[in-house]
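Read through the structure below, which is laid out as structure tokens, and then see the notes.
In the numbering used here, the protein residues as written are 1122 to 1393.
Now the structure itself:
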């Protein structure tokens, strides 16, 4: 169970994250006004800025566990004061780091943010000695090995755990949008699932040409060769589970292929 630390370092880290956005947002945005700890209605925004186009942005930094109902309430209150809201979480407080990780239990606030921010949650890792850039995370379906009553094993999509897939943002340039009744702000990063879908679709479209170059690979069927190439090219970027999700969505593989893909993925990791 994740229990965020509550000590003097928390306020120090929170202060550093606020300072990070206060210092660097003006480099990538045309800003008329920017303030830290700015009163808006009954709330104090961590970072507030007014863009040159007149749009008001609130960056809320969360360091500790927060209930979804409180996230919703705070977002609504800022929206009522004509502000677009961007939530950013300190990954170090929740054992979240910019690396692909499977079997991650998704937290309530992550699930809600993932939904309203269209398939991403924003993190930054900040401690007294280290800080990372801001990065978006996509939570992909995760598959677990199960045992049937009759004794055979199969892979089943987990209802409680996800694959944690971090990506990157090109800059801190802010855009605004509306979703599910909320006024929200985000960065110009690509949705990781969408990027993976695009790249795999392009690969499959070109595979007929590539295939002639890999006929020398023996002891593999045509489909096995294709999956081997996909995992070797895209495995580090997207991880096993997101690749399987996309290939399954494209009807290239089914659940019976997951075991084979898992073996390939582990084999390639061990070769590094």
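Beta carbons are placed, not taken as given, at the ideal position from N, Cα and C, and that holds for glycine.
8 Å is my cut-off, CB to CB: does residue i come that close to chain C?
i, result
"residue 1352", "Of the chains in the structure shown, none is chain C; there is only one protein chain."
Could you compute how far the alpha carbon of residue i sits from the alpha carbon of residue j?
i, j, result
"residue 1343", "residue 1362", "21 Å"
"residue 1298", "residue 1228", "24 Å"
"residue 1221", "residue 1284", "7 Å"
"residue 1180", "residue 1370", "35 Å"
"residue 1187", "residue 1132", "16 Å"
"residue 1351", "residue 1159", "49 Å"
"residue 1251", "residue 1274", "43 Å"
"residue 1269", "residue 1382", "21 Å"
"residue 1392", "residue 1223", "20 Å"
"residue 1137", "residue 1379", "43 Å"
"residue 1394", "residue 1149", "Nothing can be reported for residue 1394, as the shown portion of the chain is limited to 1122 through 1393."
"residue 1163", "residue 1314", "37 Å"
"residue 1175", "residue 1296", "13 Å"
"residue 1320", "residue 1358", "11 Å"
"residue 1308", "residue 1208", "11 Å"
"residue 1306", "residue 1169", "12 Å"
"residue 1346", "residue 1372", "17 Å"
"residue 1204", "residue 1356", "39 Å"
"residue 1374", "residue 1327", "18 Å"
"residue 1253", "residue 1191", "27 Å"
"residue 1143", "residue 1257", "19 Å"
Tell me, to the nearest whole angstrom, how far the beta carbon of residue i is from that of residue j; I am working on the premise that it is less than 8 Å.
i, j, result
"residue 1193", "residue 1172", "With 8 Å as the limit, residue 1193 and residue 1172 do not qualify as a contact, their Cβ atoms being about 24 Å apart."
"residue 1202", "residue 1161", "5 Å"
"residue 1259", "residue 1241", "6 Å"
"residue 1385", "residue 1348", "6 Å"
"residue 1206", "residue 1233", "The pair is not a contact, with the Cβ atoms about 13 Å apart (cut-off 8 Å)."
"residue 1167", "residue 1182", "5 Å"
"residue 1255", "residue 1290", "6 Å"
Are the CB atoms of residue j and residue i within a distance shorter than 8 Å?
i, j, result
"residue 1304", "residue 1239", "no"
"residue 1141", "residue 1184", "no"
"residue 1139", "residue 1157", "yes"
"residue 1282", "residue 1217", "no"
"residue 1243", "residue 1376", "no"
"residue 1367", "residue 1317", "yes"
"residue 1280", "residue 1146", "no"
"residue 1329", "residue 1310", "no"
"residue 1271", "residue 1248", "no"
With distances taken Cα to Cα, identify the nearest neighbour of residue i among the options.
i, options, result
"residue 1230", "1388, 1253, 1196", "1196"
"residue 1219", "1377, 1245, 1328", "1245"
"residue 1165", "1257, 1198, 1209", "1198"
"residue 1236", "1310, 1288, 1300, 1191", "1300"
"residue 1354", "1148, 1372, 1323", "1323"
"residue 1302", "1200, 1169, 1143", "1200"
Quick one: is the Cβ of residue i within less than 7 Å of any heavy atom of the ligand GDP?
i, result
"residue 1392", "This structure lacks the ligand GDP, and indeed carries no ligand of any kind."
With three or more C-beta pairs closer than 8 Å as the rule, is the stretch 1353 to 1373 touching the stretch 1250 to 1266? Yes, the stretch 1250 to 1266 touches the stretch 1353 to 1373.
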